[in-house]
Amino acid sequence: MESIYLVTIQSKMEKQKHGVPAILSFFIPGLGQLIKGHILKAFLIWAVGGILSFFFWWTIIVPLVIWVWNVYDAYNAN
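All residue numbers for the sequence shown refer to the working numbering, where the first residue is 820 and numbers rise by one.
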């Protein structure tokens, strides 16, 4: 009985690990990856995403795709 309870607690904790980084990445791109410990991925989002967004700001699509992928990755990455 205790093992079922522990599994339930662990699954609730895992859900919390996904939501907070996604919310943080929603406001500051790369912060969710940084919180999860994916330092290189956070740096690449800042560097490559920033450069691409700077050069393609007029399309609105490229920065939006980078931002949406950032939030999605912060939510789903392990």
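By construction, the Cβ of each residue, glycine as well, lies at the ideal position given by its N, Cα and C atoms.
Inset, instruction - Ignore the nearest five residues each way along the sequence and tell me which others in L843's own chain have a CB closer than 8 Å to its CB. - result: Translated into the one-based positions of the sequence shown, residue 843 becomes position 24. Only L850, G851, I854, A893 meet the Cβ criterion.
Legend entry - Residue of L883, P848, W876, A841 minimising C-alpha distance to I864: Taking the first residue of the sequence shown as position 1, residue 864 is located at position 45. Of the listed residues, the one whose Cα sits closest to I864 is P848.
Legend entry - Counted within 10 angstroms of its Cβ, other Cβ atoms place N895 as buried (16 or more) or exposed: Taking the first residue of the sequence shown as 1, we reach residue 895 at position 76. So N895 ends up on the exposed side.
Inset, instruction - Grab the span of the alpha helix (DSSP H) containing P848 for me, first residue to last. - result: Here residue 848 is taken as the residue at index 29 of the sequence shown, counted from 1. Taken as a continuous stretch (DSSP letters only), P848 belongs to no alpha helix (DSSP H), as it is neither H nor E.
Inset, instruction - Would you identify the three-state DSSP class for F873, choosing helix, strand or coil? - result: Here residue 873 is taken as the residue at index 54 of the sequence shown, counted from 1. If DSSP states are grouped into helix, strand and coil, F873 belongs with the helices.
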